[in-house]
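Trainee:
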Amino acid sequence: MLFASDENEVSESAHGRTTTRQTKIYPIPPELLPLWAGAKHIIVVRRYGTRWEGKKSRRHLINFDEVHYYLSSLDWSASEFADAIRGHWLIENRLHWVKDVTLNEDNDIRRGGNAPANWAMIRQFLVSLGRMKCTHTFPEALRLMANQVEDLSELLFDLSSSDKPVKCLA
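Numbered as in my numbering, the sequence shown ends at 153 without a single skipped number.
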(Lines of atoms letter the chains of each structure in order from A and count residues from 1; the text may use other names and numbers.)
(Lines give C-alpha, C1' and ligand atoms only; values in the text may rest on other atoms or scores of the structure.)
Protein backbone atom coordinates (compact mmCIF):
# COMPACT_ATOMS: atom_id res chain seq x y z
CA MET A 1 0.00 0.00 0.00
CA LEU A 2 1.30 3.43 -0.94
CA PHE A 3 1.14 6.39 1.40
CA ALA A 4 0.89 9.96 0.19
CA SER A 5 4.14 11.88 0.53
CA ASP A 6 2.31 15.23 0.64
CA GLU A 7 -1.30 16.42 0.81
CA ASN A 8 -3.23 19.64 0.28
CA GLU A 9 -6.91 20.48 0.77
CA VAL A 10 -8.74 23.62 -0.28
CA SER A 11 -12.46 24.35 0.12
CA GLU A 12 -14.45 27.18 -1.40
CA SER A 13 -18.03 28.37 -1.64
CA ALA A 14 -19.06 30.57 -4.52
CA HIS A 15 -22.24 31.21 -6.51
CA GLY A 16 -24.25 28.87 -4.30
CA ARG A 17 -21.99 25.87 -4.82
CA THR A 18 -19.29 24.32 -2.67
CA THR A 19 -16.14 22.55 -3.75
CA THR A 20 -13.38 20.82 -1.84
CA ARG A 21 -10.20 19.82 -3.65
CA GLN A 22 -7.88 17.28 -2.08
CA THR A 23 -4.50 16.85 -3.76
CA LYS A 24 -2.26 13.95 -2.79
CA ILE A 25 1.17 13.06 -4.12
CA TYR A 26 2.31 9.44 -4.23
CA PRO A 27 5.73 8.06 -5.19
CA ILE A 28 5.69 5.86 -8.27
CA PRO A 29 6.01 2.19 -7.28
CA PRO A 30 9.41 0.75 -8.30
CA GLU A 31 7.79 -1.90 -10.51
CA LEU A 32 6.18 0.83 -12.64
CA LEU A 33 9.27 3.02 -13.03
CA PRO A 34 10.46 1.25 -16.23
CA LEU A 35 7.03 1.83 -17.79
CA TRP A 36 6.94 5.54 -16.99
CA ALA A 37 10.46 6.74 -17.72
CA GLY A 38 11.17 10.10 -16.09
CA ALA A 39 7.98 10.18 -14.04
CA LYS A 40 8.43 10.77 -10.32
CA HIS A 41 4.96 11.26 -8.87
CA ILE A 42 1.37 10.19 -9.23
CA ILE A 43 -0.91 13.07 -8.32
CA VAL A 44 -4.48 12.30 -7.25
CA VAL A 45 -6.97 15.15 -7.15
CA ARG A 46 -10.38 14.49 -5.59
CA ARG A 47 -13.04 17.15 -6.06
CA TYR A 48 -16.35 16.92 -4.26
CA GLY A 49 -19.17 19.17 -3.15
CA THR A 50 -22.38 20.57 -4.60
CA ARG A 51 -23.00 22.28 -7.93
CA TRP A 52 -25.92 23.50 -9.99
CA GLU A 53 -27.41 21.25 -12.66
CA GLY A 54 -30.08 21.86 -15.26
CA LYS A 55 -31.41 24.80 -17.20
CA LYS A 56 -31.86 28.07 -15.37
CA SER A 57 -35.61 27.61 -14.86
CA ARG A 58 -35.16 24.08 -13.43
CA ARG A 59 -31.78 24.29 -11.72
CA HIS A 60 -31.13 22.27 -8.62
CA LEU A 61 -28.10 21.45 -6.50
CA ILE A 62 -26.54 18.02 -6.88
CA ASN A 63 -23.69 16.36 -5.05
CA PHE A 64 -20.60 15.41 -7.02
CA ASP A 65 -17.44 13.45 -6.28
CA GLU A 66 -14.72 13.17 -8.94
CA VAL A 67 -11.18 11.80 -8.92
CA HIS A 68 -8.52 12.74 -11.48
CA TYR A 69 -5.04 11.27 -11.85
CA TYR A 70 -1.87 12.93 -13.14
CA LEU A 71 1.75 11.87 -13.70
CA SER A 72 4.62 14.28 -13.24
CA SER A 73 8.38 14.40 -13.39
CA LEU A 74 8.43 17.61 -11.33
CA ASP A 75 9.43 17.75 -7.66
CA TRP A 76 6.63 20.00 -6.47
CA SER A 77 4.60 20.08 -3.28
CA ALA A 78 0.94 19.08 -3.23
CA SER A 79 0.07 22.77 -2.95
CA GLU A 80 2.09 23.64 -6.07
CA PHE A 81 0.49 20.81 -8.06
CA ALA A 82 -2.97 21.88 -6.84
CA ASP A 83 -2.35 25.48 -7.97
CA ALA A 84 -0.98 24.41 -11.36
CA ILE A 85 -3.85 22.01 -12.06
CA ARG A 86 -6.45 24.55 -10.94
CA GLY A 87 -4.76 27.23 -13.03
CA HIS A 88 -4.90 25.03 -16.13
CA TRP A 89 -8.62 24.41 -15.74
CA LEU A 90 -9.34 28.08 -15.01
CA ILE A 91 -7.72 29.03 -18.31
CA GLU A 92 -9.52 26.24 -20.15
CA ASN A 93 -12.92 27.06 -18.66
CA ARG A 94 -12.50 30.81 -19.07
CA LEU A 95 -11.85 30.46 -22.79
CA HIS A 96 -14.56 27.88 -23.45
CA TRP A 97 -17.15 29.79 -21.44
CA VAL A 98 -16.68 32.87 -23.61
CA LYS A 99 -16.75 30.86 -26.82
CA ASP A 100 -19.69 28.65 -25.84
CA VAL A 101 -21.92 31.07 -23.98
CA THR A 102 -21.16 34.55 -25.30
CA LEU A 103 -20.27 33.63 -28.89
CA ASN A 104 -22.68 30.64 -29.00
CA GLU A 105 -20.03 28.43 -30.62
CA ASP A 106 -21.77 25.15 -29.75
CA ASN A 107 -24.87 26.16 -31.74
CA ASP A 108 -23.00 27.37 -34.83
CA ILE A 109 -24.97 26.57 -37.99
CA ARG A 110 -22.01 26.80 -40.34
CA ARG A 111 -21.25 23.29 -41.58
CA GLY A 112 -19.02 21.77 -44.24
CA GLY A 113 -15.84 22.82 -45.93
CA ASN A 114 -13.59 25.31 -44.19
CA ALA A 115 -16.38 27.42 -42.69
CA PRO A 116 -16.33 25.91 -39.16
CA ALA A 117 -12.54 26.25 -38.86
CA ASN A 118 -12.56 29.78 -40.29
CA TRP A 119 -15.29 30.93 -37.91
CA ALA A 120 -13.50 29.29 -34.98
CA MET A 121 -10.39 31.36 -35.84
CA ILE A 122 -12.49 34.53 -36.10
CA ARG A 123 -14.08 33.85 -32.70
CA GLN A 124 -10.65 33.23 -31.15
CA PHE A 125 -9.38 36.43 -32.76
CA LEU A 126 -12.29 38.35 -31.20
CA VAL A 127 -11.56 36.84 -27.78
CA SER A 128 -7.90 37.86 -28.08
CA LEU A 129 -8.82 41.40 -29.12
CA GLY A 130 -11.29 41.63 -26.26
CA ARG A 131 -8.62 40.61 -23.76
CA MET A 132 -6.22 43.18 -25.20
CA LYS A 133 -8.84 45.86 -24.50
CA CYS A 134 -8.48 45.12 -20.74
CA THR A 135 -12.20 44.78 -20.14
CA HIS A 136 -13.78 42.82 -17.30
CA THR A 137 -16.29 40.93 -19.46
CA PHE A 138 -16.37 39.86 -23.06
CA PRO A 139 -19.73 41.57 -23.81
CA GLU A 140 -18.14 44.78 -22.54
CA ALA A 141 -15.22 44.22 -24.93
CA LEU A 142 -17.61 43.65 -27.84
CA ARG A 143 -19.41 46.93 -27.06
CA LEU A 144 -16.10 48.79 -26.90
CA MET A 145 -14.89 47.26 -30.16
CA ALA A 146 -18.08 48.04 -32.08
CA ASN A 147 -17.37 50.78 -34.63
CA GLN A 148 -13.89 51.45 -33.21
CA VAL A 149 -11.91 50.88 -36.41
CA GLU A 150 -9.07 53.28 -35.55
CA ASP A 151 -8.62 51.85 -32.06
CA LEU A 152 -8.66 48.28 -33.37
CA SER A 153 -6.23 49.17 -36.14
CA GLU A 154 -3.85 50.51 -33.53
CA LEU A 155 -4.04 47.24 -31.61
CA LEU A 156 -3.73 45.07 -34.71
CA PHE A 157 -1.11 46.88 -36.72
CA ASP A 158 0.81 48.68 -33.97
CA LEU A 159 0.06 52.11 -35.37
CA SER A 160 0.75 53.70 -32.01
CA SER A 161 3.92 55.55 -31.21
CA SER A 162 4.74 53.07 -28.45
CA ASP A 163 7.10 50.17 -29.11
CA LYS A 164 5.88 48.31 -26.02
CA PRO A 165 3.70 45.21 -26.45
CA VAL A 166 0.18 45.27 -25.14
CA LYS A 167 0.31 44.29 -21.48
CA CYS A 168 -3.29 43.55 -20.59
CA LEU A 169 -4.25 40.05 -21.66
CA ALA A 170 -5.87 38.95 -18.39
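Cβ atoms here follow ideal geometry from the backbone N, Cα and C, with glycine treated the same way.
If you count every other CB in all the chains shown that lies within 10 Å of the CB of residue 70, and 16 or more means buried, which is it?
Mentor: On the sequence shown, residue 70 is found 87 positions in, with the first residue counted as 1. Residue burial is scored here from C-beta neighbours: residue 70 has fewer than 16 other C-beta atoms within 10 angstroms and is therefore classed as exposed.
Trainee: Around the Cβ of residue 121, are there at least 16 other Cβ atoms within 10 angstroms (buried) or fewer (exposed)?
Mentor: By one-based count along the sequence shown, residue 121 stands at place 138. So residue 121 ends up on the buried side.
Trainee: Spatial neighbours of residue 86 within its chain, please: CB distance less than 6 Å, with the 5 preceding and 5 following residues excluded, ordered by chain position.
Mentor: Taking the sequence shown and counting its residues from 1, one reaches residue 86 at position 103. Excluding sequence neighbours, residue 86 sits near 106.
Trainee: State yes or no: is the C-beta of residue 12 within less than 8 Å of the C-beta of residue -12?
Mentor: Your numbering for residue 12 matches position 29 in the sequence shown. Your numbering for residue -12 matches position 5 in the sequence shown. Cβ distance not < 8 Å, so residue 12 and residue -12 don't count as in contact.
Trainee: When we look at the beta-carbon of residue 21 and count the other beta-carbons within 10 Å, is it buried (16 or more) or exposed?
Mentor: Taking the first residue of the sequence shown as 1, we reach residue 21 at position 38. That one is exposed.
Trainee: Quick check: the Cα distance between residue -14 and residue 56, rounded to an integer number of angstroms?
Mentor: Here residue -14 is taken as the residue at index 3 of the sequence shown, counted from 1. Here residue 56 is taken as the residue at index 73 of the sequence shown, counted from 1. Between residue -14 and residue 56, the alpha-carbon positions lie close to 18 Å from each other.
Trainee: Considering only their Cβ atoms, is the gap separating residue 47 from residue 37 smaller than 8 Å?
Mentor: As a working mapping, residue 37 is identified with position 54 in the sequence shown. As a working mapping, residue 47 is identified with position 64 in the sequence shown. In this structure, residue 47 does not lie closer than 8 Å to residue 37 by Cβ.
Trainee: By a C-beta neighbour count over all protein chains shown, 10 Å radius and 16 as the cutoff for buried, is residue 233 buried or exposed?
Mentor: There is simply no residue 233 to check, as the chain begins at -16 and stops at 153 in what is shown.
Trainee: How long is the line joining the alpha carbons of residue 125 and residue 92, rounded to whole angstroms?
Mentor: Here residue 125 refers to the residue found at position 142 of the sequence shown. Here residue 92 refers to the residue found at position 109 of the sequence shown. Residue 125 and residue 92: Cα-Cα distance of roughly 21 Å.
Trainee: Of the choices 43, 28, 82, 5, whose alpha-carbon is the least far from that of residue -2?
Mentor: Counting from 1 along the sequence shown, the entry for residue -2 is found at position 15. Shortest Cα-Cα distance from residue -2 to any of 43, 28, 82, 5 involves 43.
Trainee: Label residue 81 either buried or exposed according to how many other C-beta atoms from any shown protein chain fall within 10 Å of its C-beta, with 16 as the threshold for buried.
Mentor: In the sequence shown, residue 81 corresponds to position 98, counting from 1. Buried, by the Cβ-count rule.
Trainee: If residue -9 and residue 6 are in contact, beta carbons under 8 Å, what's the gap, nearest whole angstrom?
Mentor: In the sequence shown, the residue the question calls residue -9 occupies position 8. In the sequence shown, the residue the question calls residue 6 occupies position 23. Contact between residue -9 and residue 6 holds: CB atoms are separated by about 4 Å, below the 8 Å threshold.
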